[in-house]
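Read through the structure below, which is laid out as structure tokens, and then see the notes.
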Amino acid sequence: MKELVGSPGTVSGLMLRIGQCGFAAAAIGAMTSAAGFSSYTAFCYLIASMGLQMLWSFGLACLDIYALRRKRDLQNPVLVSLFVVGDWFKTCRSRLCYHLRLHAPQLGL
Numbered sequence: 001m002k003e004l005v006g007s008p009g010t011v012s013g014l015m016l017r018i019g020q021c022g023f024a025a026a027a028i029g030a031m032t033s034a035a036g037f038s039s040y041t042a043f044c045y046l047i048a049s050m051g052l053q054m055l056w057s058f059g060l061a062c063l064d065i066y067a068l069r070r071k072r073d074l075q076n077p078v079l080v081s082l083f084v085v086g087d088w089f090k091t092c093r094s095r096l097c098y099h100l101r102l103h104a105p106q107l108g109l
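Laid out in structure tokens, this is it:
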């Protein structure tokens, strides 16, 4: 497979995952520091979604570290497909929570 920037098992992929994990942690910190955040259901879902984002990114960063230390290649089609589906699911979940937060007053949440 052709090696792209940010591919699993590369230094750029590791930096990408560390960045994702850090920004998810910062988003959680910013959201939980807001007064009365727990009174909005959609806001709580968004925080939970960012928590799952942080765990997913941390897990993949650990996998990248393992691959770099052991000099393993993570470029096989099955693993890359797993990463794509996981990232796709994570993105859809985050977008759903974001839209819930935007439209929560209209939905009565």
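All letters in the sequence shown, in the order written, are residues 1 to 109 by full-length UniProt numbering. Here a beta-carbon is modelled for each residue, glycine too, at the ideal position from N, C-alpha and C.
Q53 is not a Cβ neighbour of S7, given a cutoff of 8 Å. Between I18 and S39, the alpha-carbon positions lie close to 31 Å from each other. Straight through space, the alpha carbons of P77 and A25 are spaced by roughly 30 Å.
If you compare the alpha carbons of V11, D87 and G9 with that of M50, the shortest gap goes to D87. Within 10 angstroms of the beta-carbon of C62 lie fewer than 16 other beta-carbons, which makes it exposed.
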